[in-house]
């Protein structure tokens, strides 16, 4: 192999290594892509929406696979706290191999209650213009729940498709360290190869 060929080979390998390192850093610390597989967040999120999620919205942490002392990764520093109304991705408490996406409803210390489908936070009804209603029936747990006090360091999560969401009403609150990140933007959306939803692409979340 000639000197020029050897140099070109080394340059190619270096470029590949740098690209892989950048991809790892971006996924571990900055953003991660997620696809919406279910209708639990309709109409805010559609099945087939593809999101970018910011991983530094609340905590900057070492990835769990390189920090062996904890399954959640070591927090380097906090950048903020989840707020009511945030749409976040988190580890499903019943099976942490799965990621769920829901809306933050109850903050640490809040008293949360559902009465005839209406959410009350600390005794006051919560304004929820994003909620989708599909069933007029009043059912226990789904539509009448609590009251409960959200533990310190945990969050009460609900889906916007309130009658079609499996959420904190059934499996409890989410620990802060189980939060993966906050929804940032829809970068792609389709129902099928012939149903690309261009009007949804670029939708940002506060």
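Numbering (UniProt numbering), first residue to last: 1 to 206.
Ideal placement from N, C-alpha and C gives every residue a C-beta, glycine not left out.
Given the structure is predicted, the values throughout are model-derived calculations rather than measurements.
Short Cβ contact (7 Å threshold) for residue 56 with residue 174: Contact flag unset, no.
Is the beta carbon of residue 183 sitting closer than 7 Å to the one on residue 53? Contact flag set, yes.
Tell me residue 54's beta-bridge partners as DSSP assigns them. Bridge partners of residue 54: 31, 182.
Buried/exposed call for residue 94, threshold 16 Cβ in 10 Å: Around the C-beta of residue 94, fewer than 16 other C-beta atoms lie within 10 Å, and the residue is accordingly described as exposed.
Complete runs of the alpha helix (DSSP H) confined to the segment 108 to 184 [at least 4 residues]: Along the segment 108 to 184, the alpha helix (DSSP H) occurs as fully enclosed runs of 4 or more residues at 168 to 171, listed in sequence order.
Which same chain residues end up closer than 8 Å to residue 99 when comparing Cβ atoms and leaving out the 5 residues on each side of it in sequence? The residues 34, 89, 90, 91, 92, 180, in chain order, have a CB closer than 8 Å to that of residue 99 in the same chain once the five nearest residues on each side in sequence are set aside.
Can you tell which of 193, 206, 191, 178 has its C-alpha closest to the C-alpha of residue 75? The residue with the shortest Cα to Cα distance from residue 75 is 178.
Contact check, residue 107 vs residue 155 under 8 Å by CB: the rounded distance? With a Cβ gap of about 7 Å, residue 107 and residue 155 count as contacting.
Going by the CB atoms, is the gap between residue 158 and residue 105 shorter than 7 Å? Judged by their CB atoms, residue 105 and residue 158 are nearer to each other than the 7 Å cut-off.
Which residue or residues does DSSP assign as beta-bridge partners of residue 91? Under DSSP, residue 91 forms a beta bridge with 99.
Rounded separation between residue 41 and residue 48 - CA only: Per the coordinates, the alpha-carbon of residue 41 lies some 12 Å from the alpha-carbon of residue 48.
Thinking residue 39 and residue 164 are a contact (beta carbons under 8 Å), I'd like their distance in whole angstroms, please. Residue 39 to residue 164, Cβ: 6 Å. Contact.
With a 10 Å radius around its C-beta and 16 neighbouring C-beta atoms as the bar for buried, classify residue 176 as buried or exposed. Residue environment analysis places residue 176 among the buried positions, since at least 16 neighbouring C-beta atoms fall within 10 angstroms of its C-beta.
Can you tell me where the beta strand (DSSP E) with residue 76 in it begins and where it stops? First-last of the beta strand (DSSP E) with residue 76: 75 to 78.
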